[in-house]
Structures are given as structure tokens and as C-alpha cells.
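Student: Structure in C-alpha cells, see below.
Pasting the structure below:
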């Protein structure tokens, strides 16, 4: 856990550039044209610049959610010292500048928008809302945050201010893993549907407060899930990481979200806004199609577990309404994903007036899709396709994958690295830089005490270690 959450201490801006570029290209190779990137790499201003440069160079359409990670002031074989500066002045200054630079009508043809990744909800309400309002006035449209309920974390954390070192954590009596973040967001009046960049300002010219996109929502109580659904607040479900990390059943096809969406035409209800995400391409393949497939199968497995009798009881299978269809899963990774980001009128489907973001499958030569593509193309994509079946990916009218291969990339390079300034590189050369970066990162990690890092993380997260199982 320590290495998984804290290794950014070992990354230079150059490492960030090559890792980010490779990750974006992996997504493109798998058929992804648009991402909301909760980017935990902002260790310094240079790290942020490197990540944004790599994102831009890749050509992917991205909402880059600027996020300052858990940072260490020192980590070696004897010490691991976390910083107590959770919102450094340099980060807030740079974030404001980036929002004004990248967002707004003057950049409507750009492929990168700046968002915010934020999980510091233990900070005082006035501080949090003041921050969101200030960034909203600069053009911030979307904030993404993690939501879930589990038994991992022992006690709720609250911020206590001390004169010398700012905000520190103190332990409360409520199990943190089971507190309701949804109720907190509701009390802050933050639950609302997404809106497009064209609706960033009210008729009086005032900036709207950014909307939230909630990652995961595993284990959330049904009353809270209903509240999210009724307000149209968007959710991103990431089945692979949620299963691998033991976070709970994915909610992408939860009955509350699914039924409400199906019946809203008759009830005039706010549509539910649910989508799919890869989460971490360091944890699993960066294929949104694989996420759709995983969600579909896991939702059916969960439903089957609920209705399958125990101890020899009578079978109780429903006559209809098998939970989730291939078409629903397909919509979650296309038009409903765009809707969750307020970009339904811009991308998410092929339609006159929308951006030219398209994926072309070579069904005729596919080994897996084969006759399924003739019978039902949507089911063939969700159930049988793989990245090798994608012949072309077009983003903003530009080929980024063609004839089954990633096109050469014009690399802007990283700060202080003159070798790659405005150089065109094939994927093989980029992959070589990533492999070199991995070796450099590992050499730095070898100088850390992993055990000390783990202890620091457990204490900061208030983890109940009795709930942990070691796994690879």
C-alpha cells in the first residue's frame, strides 16, 4: 500500500512526462478518445507541466483533474516524513493560472481542459466552499472525488488547526469507512447535474459552482444512491480496480440508477448520470471496453448471488429483467460517459455538429468478433472485441491510431531535456523511454524503507489492519 500510494516521491518531471504520454497512448490504442484524468502527479509545478504537456502531445481529449498527492519531505531507509502542507500556495496559484489558460470560450477547440481532483473534505466547510467558488470564478467546471463505504478505515478524521503547522488530523469516534460523504455533499449543496462549458456562466454573468463527479460509490447506502440519482450527480464506476482492491460491487448497473434512467420519460425525473472508468492504467489495462464487459458480468454475478438460494432452498430466478444488457454497457462507455462530463452535445456519438472523435473497428478481419459483428455489432464490441480489432482512432479530426498502429507523436519534451524538443517519435521509441524511466524510478525506490512508508500510510489513513489481506 505504501508504494502504491506514495511512490510519486520517486518520480521526476521527466518520468511523469513519459509515463503520462504512454498512458494516454495506451488509452487511444484501446479506443478511448476522452478521459477525465484524476492526476495524482502534481508533486511540483514542473510535474504538473510535464503531465499536461504529455497529455497534449498524445492528442487525446482530456479533462486534466489537477490533484496534489500525498507528499513526503523525506523518505529514505530510516525516515519517512509526510508534509503537512496539504494545499500548498504554489499549487493553488498554478491551478488558477492553468484554468484561466486552458478553459473558456477562447479555447473551445482545444483538447485539454483543466479540472480538479479533490478529497480533502475533512477541511473546514468555509475553506472548501471558498476554494471551489474561487476556482469556479476562474473557469473550473468539474471536480472529481472518491466516494465509497468499507470496513478498511477505522476512525473518522477531522481537521484540527494548530498555529505552527496548519491543519492536522485528529481521531473521532465514528468509523471513517462508514460515514456518508453523500450527505456531506448534500449539506454543502454540491449535488447537481453536469453542465457544458457553454453554460459555465449564468445570465447575470456569474460563474456557476463546479459540479462533482463521484468515483466508485461502492457500498453507498441505497438512500444515498437515490439522492445522487435524483440530483443527476454523475458517477464513474471502475469495475476492474474495485474488484481487484476489494472495494465492493460496482454500481454502474445498480437497480436504483438503472431503473430511474429507464423510467424517467414517464416520471419527468432528472436522468441518472453513470459512466465507466479505467481508474489506474498502472493496475489494469486502459481499455474502457474491458470495463464495460467486467461491469456487465459482475452486475449479473451480484444479482445472481442475491437470488440464488442457500442451504438447498427453492430456486428464485426472475422471469425477466436480467440485470444489464450489452447495449446498456455500450452506452455507459460512450454517450453516457460524455453526458457525465457535460459534453453530450460535443462528443459521445457520431452526429452532425459534434467533434470528430471516432473509433473504427476492423470487424471483417477480427478473430474474436467474427460473425458476432454481423449479427449484433454492439454486442460484438462489448463482449468479443479487443484493442487489436481497432483499426483507427480519430480525435478532434486527427488520426491518432491508423491501420491498427499508434501514429508517430510529435514530442515536445520535458523541462531541461533538450533531446526531444519538437521531435517526432514512433511508439517503439516512446516505449524505450518508459522502460528507462522505470529503471530510474526503481533505483530510487531501492533507497526507501517500504515498511516505514507503510506505517506512515496506515496512520494517515487510519486503517484498521485487522481488515487487511496481503495480496499481489
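Residue numbers (the UniProt record's numbering): 1 to 472.
For each residue, glycine too, the CB sits at the ideal point set by N, CA and C.
Keep in mind the model is a prediction, meaning the values are calculated, not measured.
#1: Should residue 375 go down as buried or exposed, given a rule of 16 or more other Cβ atoms within 10 Å for buried?
#2: Can you tell me the Cα-Cα spacing of residue 144 and residue 185, whole angstroms?
#3: So within the region 353-390, which uninterrupted alpha helix (DSSP H) runs reach at least 4 residues, ignoring any that extend past its ends?
#4: With contact counted as at least three CB pairs below 8 Å, one residue from each stretch, are the region 118-133 and the region 4-17 in contact?
#5: In terms of alpha-carbon separation, which member of 140, 224 and 226 lies closest to residue 208?
#6: Do you know how far the Cα of residue 359 is from the Cα of residue 58?
#7: Bridge partners for residue 72 per DSSP, in chain order?
#8: Mind checking which residues open and close the alpha helix (DSSP H) that includes residue 17?
#9: Between the beta-carbon of residue 278 and the beta-carbon of residue 238, is there less than 8 Å?
#10: Taking buried to mean at least 16 other C-beta atoms within 10 Å of its own C-beta, is residue 198 buried or exposed?
#11: Please report the distance separating the alpha-carbon of residue 76 from that of residue 453.
#12: Kindly give me the distance between the Cβ atoms of residue 387 and residue 287, rounded to whole angstroms, as I take these residues to be in contact under 8 Å.
#13: Residue 28: which of 242, 108 and 405 sits nearest, CA to CA?
#14: For the region 417-468, which segments carrying the alpha helix (DSSP H) assignment without a break, of at least 4 residues, lie completely within its bounds, in sequence order?
#15: Can you name, in chain order, every residue of its own chain whose Cβ lies under 6 Å from the Cβ of residue 379, other than the five neighbours on each side?
#16: Is the region 187-197 in contact with the region 232-246, if contact means three or more CB pairs nearer than 8 Å?
#17: Considering only DSSP beta bridges, list what residue 401 is partnered with.
#18: Can you list, in chain order, the residues of its chain whose CB lies under 7 Å from that of residue 384, leaving out five sequence neighbours each side?
#19: Identify whether residue 479 lies in helix, strand or coil by the three-state DSSP scheme.
#20: Determine the contact status of residue 8 and residue 43, defining contact as a CB-CB distance below 8 Å.
#21: Starting from residue 218, follow its DSSP beta bridges and name the residues at the other end.
#22: Exposed or buried, which one is residue 20 when buried takes at least 16 other CB atoms within 10 Å?
#23: Flag this pair as yes or no: are the beta carbons of residue 148 and residue 217 separated by less than 8 Å?
#24: From what residue to what residue does the alpha helix (DSSP H) around residue 336 run?
#25: Should residue 81 go down as buried or exposed, given a rule of 16 or more other Cβ atoms within 10 Å for buried?
#26: Could you check what DSSP says for residue 64 in three-state terms: helix, strand or coil?
#27: Rounded to whole angstroms, what's the CA-CA distance from residue 130 to residue 305? Just pull it up for me.
#28: What's the call for residue 221, buried or exposed, on a 16-neighbour Cβ count within 10 Å?
#29: Label residue 256 either buried or exposed according to how many other C-beta atoms from any shown protein chain fall within 10 Å of its C-beta, with 16 as the threshold for buried.
#30: Nearest to residue 395 by alpha carbon, out of 62, 46, 48 and 10?
#31: Drop a sphere of 10 angstroms on the beta-carbon of residue 102, count the other beta-carbons inside from all chains shown, and report buried for 16 or more, exposed for fewer.
#32: Measuring straight from C-alpha to C-alpha, what distance separates residue 242 and residue 292?
#33: If contacts are defined as beta-carbon pairs under 8 Å, then residue 276 and residue 333 qualify, I think. What distance do you get, rounded to the angstrom?
#34: Exposed or buried, which one is residue 341 when buried takes at least 16 other CB atoms within 10 Å?
#35: For residue 349, which of 33, 22 and 10 has the nearest alpha-carbon?
Tutor: Reading it off the structure:
#1: Exposed.
#2: Near 12 Å, if we compare the C-alpha coordinates of residue 185 and residue 144.
#3: Whole alpha helix (DSSP H) segments, 4+ residues: 370-375 and 377-384.
#4: The region 118-133 is not in contact with the region 4-17.
#5: Checking every option, the nearest Cα to that of residue 208 belongs to 140.
#6: Put simply, the backbone Cα of residue 58 is about 16 Å away from that of residue 359.
#7: Listed as beta-bridge partners of residue 72 by DSSP are 82.
#8: Start and end: 13-29.
#9: Contact flag set, yes.
#10: Residue 198 counts as exposed, since fewer than 16 other beta carbons sit within 10 angstroms of its beta carbon.
#11: For residue 76 and residue 453, the gap between their C-alpha atoms comes out near 9 Å.
#12: Right, the Cβ-Cβ distance comes to about 6 Å (below 8 Å), so this counts as a contact.
#13: Distances from the alpha-carbon of residue 28 to those of 242, 108 and 405 put 405 closest.
#14: If you keep only unbroken alpha helix (DSSP H) runs of at least 4 residues inside the region 417-468, you get 427-445 and 450-461.
#15: Excluding sequence neighbours, residue 379 sits near 326.
#16: Contact between the region 187-197 and the region 232-246 is present, because at least three Cβ pairs lie under 8 Å.
#17: Beta-bridge analysis with DSSP links residue 401 to 393 and 406.
#18: Residues 368, 369 and 372 of the same chain have their beta carbon placed closer than 7 Å to that of residue 384, with the five preceding and five following residues left out of the count.
#19: This structure leaves residue 479 out entirely; the chain is present only between 1 and 472.
#20: Their beta carbons are under 8 Å apart, which means residue 8 touches residue 43 by this criterion.
#21: Beta-bridge pairing links residue 218 to 148.
#22: Classification for residue 20: buried.
#23: Yes, these two residues count as a Cβ contact at 8 Å.
#24: Membership of residue 336 in the alpha helix (DSSP H) is indicated by the continuous run 335-340.
#25: Residue 81 is exposed by the Cβ-count criterion.
#26: Collapsing the DSSP output to three states places residue 64 in a strand.
#27: Taking the straight line from one Cα to the other gives about 45 Å.
#28: Under the 10 Å beta carbon count, residue 221 is surrounded by fewer than 16 other beta carbons and is classified as exposed.
#29: Counting Cβ neighbours within 10 Å, residue 256 comes out buried, since at least 16 surround it.
#30: Considering only alpha carbons, the answer is 62.
#31: Burial of residue 102 is indicated by the presence of at least 16 other C-beta atoms within 10 angstroms of its C-beta.
#32: Pairing residue 242 with residue 292, the inter-Cα distance amounts to about 13 Å.
#33: Sure, about 5 Å apart at Cβ, within 8 Å.
#34: Buried, since its Cβ has 16 or more Cβ neighbours within 10 Å.
#35: Out of 33, 22 and 10, 33 has the C-alpha closest to the C-alpha of residue 349.
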